[in-house]
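The working numbering puts the sequence shown at residues 38 to 395.
Note that the Cβ used here is the ideal one computed from N, Cα and C, for glycine as well.
All figures in this text were calculated on a predicted structure; none of them were measured in a lab.
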Amino acid sequence: MVSIVIMAGGKGERFWPRSRQSLPKQLISLTNDGKTMIQLTYERVKKITDKENVFIVTNENYSNIIRKQLFEIPFQNILIEPLGKNTAPCIGLSAVYIAKKDPEAVMIILPSDHLIKNNDIFINTLEAAAKMAQEGDNLITIGIIPSYPETGYGYINYSNKVCDIDGNSIYKVKRFVEKPDIDKAKQYLKEGTYLWNSGMFVWKASTILKNIQRYMPNLYEGLMKISDAIGTDNEIKVLREEFNKFESISIDYGIMEHAENIYTIPGNFGWDDVGSWTALERIQNTDEDGNVKSGNVISIDTKKCIIQGNDKLIAAVGIEDIILVDTDDATLICSKDKCQDIKKLLNKIKAMNKENYL
């Protein structure tokens with residue numbers, strides 16, 4: 038059995054003010070087709086498995102919206118995290134629910150807010166990873182062949198090739214490295230043995246639980262208590278009690294930096310993590326001046342700007358490299374080269390007790 042796990046608990050803060058705590062990035066549309074990010078993610082993987090084997094991990098605030106947007110998915114397959122604890126508890130929780138159905142099921146873990154240009158190549162890559170996962174206690178991560186020296190991603194350093202599956206080369210992972218500075222990023226690109234860390238993983242439920250038991254025993258102990266409570270009257274109570282005890286830690290720190298039998302497949306399927314407003318320049322059409330405009334916008338002598346609005350008229354004159362996003366209660370004006378600082382802005386809004394704008 039192959040199960041898909043879509044992680045959908047993030048806040049999407051860099052897409053403020055469109056993305057809010059009540060309606061984050063994965064639940065809004067950023068593409069020209071009007072479909073939300075999570076809907077596109079689900080449509081992408083429907084070829085791999087049945088809807089009964091698709092699981093969404095999210096929080097209580099988003100669960101009802103997700104059920105409406107992904108109404109095909111069984112009610113019980115929407116797994117609710119009592120609070121955000123990063124990806125290790127998130128993946129561990131999905132593993133115990135899937136293991137209840139089939140301990141040897143292959144899990145394909147995907148973020149809910151990435152875009153893929155070539156779905157056929159993407160599916161072929163995931164299916165090859167699933168075959169590798171079935172062959173033993175292997176942990177597979179999907180890396181992305183870098184096209185430029187990006188400093189905003191972690192990297193996967195790989196070594197020798199171990200096999201080919203369905204036209205996909207499988208490599209042994211040497212190490213994971215943190216987000217580099219520009220000089221290191223250029224060096225990684227030049228060496229040719231580094232991939233962007235996409236946050237996509239493939240393994241059997243039993244395999245990841247064995248690794249959690251070995252490297253994160255406290256998390257494993259809590260997950261087993263949750264597992265024992267699944268299907269009982271105490272399920273929700275035990276889930277909340279144990280989840281509150283978990284350390285907030287990523288699967289990269291908790292498992293991938295320590296485990297053995299880690300492999301990677303270089304992905305070349307047109308991946309974009311849509312990490313900030315500037316991603317719209319890659320995924321939406323631009324006008325003759327390089328602007329990405331949406332809504333009621335009139336511009337003169339305006340170049341390489343991202344302007345997003347609704348019915349209210351936005352008139353722009355003589356600006357360049359600016360992000361302007363207008364909503365009913367908040368307007369963002371930001372230099373494109375400072376878009377990564379939107380998180381800092383939200384921290385300031387919170388510090389000023391204006392949380393109703395978050």
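Which same chain residues, not among the five before or five after residue i, have their C-beta less than 6 angstroms away from its C-beta?
| i | result |
| --- | --- |
| Q76 | Q106 |
| F405 | This structure cannot speak to residue 405, because the chain is shown only from 38 to 395. |
| S196 | K209, K211 |
| Y304 | Contrary to the premise, residue 304 reads as Gly rather than Tyr in this sequence. Result list for G304: T162, I179, I181, in chain order. |
Using DSSP with H/G/I as helix, E/B as strand and the rest coil, what is residue i?
| i | result |
| --- | --- |
| I263 | helix |
| L147 | strand |
| D201 | strand |
| Y394 | helix |
| D365 | coil |
| M169 | helix |
| Q58 | coil |
| M293 | helix |
| N69 | coil |
| T397 | Because residue 397 is not part of the residues shown, which for the chain are 38 to 395, the question remains open. |
| C371 | strand |
| E278 | helix |
| S184 | coil |
| L107 | coil |
| K84 | coil |
| I159 | Checking the sequence shown, residue 159 turns out to be Phe, not Ile. The answer is helix: DSSP assigns F159 an H, G or I state. |
| N22 | Any property of residue 22 remains undetermined from this structure, which presents the chain solely from 38 to 395. |
| E357 | strand |
| K122 | coil |
| I249 | helix |
| N255 | helix |
| G236 | strand |
Going by DSSP, which residues form a beta bridge with residue i?
| i | result |
| --- | --- |
| I335 | A352 |
| F52 | Paired residue(s): none; F52 is not in a bridge. |
| L116 | V94 |
| V214 | Y192 |
| S40 | M144 |
| V329 | I343 |
| D309 | L152 |
| I302 | I179 |
| K209 | Y300 |
Once the 5 residues before and after residue i are set aside, which same chain residues still bring their CB inside 7 angstroms of it?
| i | result |
| --- | --- |
| D157 | none |
| K387 | L395 |
| S285 | K122, N123 |
| I356 | T339, C342 |
| A352 | I335 |
| K72 | S66 |
Distance check for residue j and residue i, CA to CA, integer angstroms please.
| i | j | result |
| --- | --- | --- |
| I344 | M74 | 20 angstroms |
| R81 | I41 | 11 angstroms |
| T188 | K216 | 6 angstroms |
| E272 | F280 | 12 angstroms |
| S264 | N101 | 24 angstroms |
| Y208 | I202 | 11 angstroms |
| I396 | G291 | Since the first and last residues shown for the chain are 38 and 395, residue 396 lies out of range. |
| D324 | S336 | 11 angstroms |
| K221 | E294 | 19 angstroms |
| V275 | I135 | 18 angstroms |
| G47 | P61 | 7 angstroms |
| E318 | V311 | 10 angstroms |
| I364 | K223 | The sequence as given places Thr at residue 364; Ile does not occur at that position. Cα to Cα, the separation comes out at about 38 angstroms. |
| D366 | E392 | 12 angstroms |
| L246 | W240 | 10 angstroms |
| V39 | D139 | 10 angstroms |
| P400 | K88 | In this structure the chain extends from 38 to 395, so residue 400 is not present and cannot be described. |
| N333 | K349 | 6 angstroms |
| N194 | G204 | 21 angstroms |
| M144 | A242 | 6 angstroms |
| V34 | G191 | Given that the chain is displayed from residue 38 to residue 395, the structure contains no residue 34 and the question cannot be resolved. |
| Y231 | S184 | 11 angstroms |
| N347 | I360 | 15 angstroms |
| A316 | S149 | 16 angstroms |
Here's the rule I'm using: 16 or more other beta-carbon atoms within 10 Å means buried, otherwise exposed. How should residue i be labelled?
| i | result |
| --- | --- |
| R251 | exposed |
| H151 | buried |
| K56 | The sequence as given places Ser at residue 56; Lys does not occur at that position. S56 comes out buried. |
| K122 | buried |
| G49 | buried |
| E164 | buried |
| D374 | exposed |
| T78 | buried |
| V354 | exposed |
| I370 | exposed |
| L108 | Here residue 108 is Phe; the residue named in the question, Leu, does not match the sequence. So F108 ends up on the exposed side. |
| L147 | buried |
| T244 | buried |
| I219 | exposed |
| E118 | buried |
| D289 | buried |
Among residues of its own chain, excluding the 5 on either side of residue i, which ones have a beta-carbon nearer than 8 angstroms to its beta-carbon?
| i | result |
| --- | --- |
| Y300 | M169, N175, L176, I177, T178, V199, I207, Y208, K209, V210 |
| K282 | N255, G259 |
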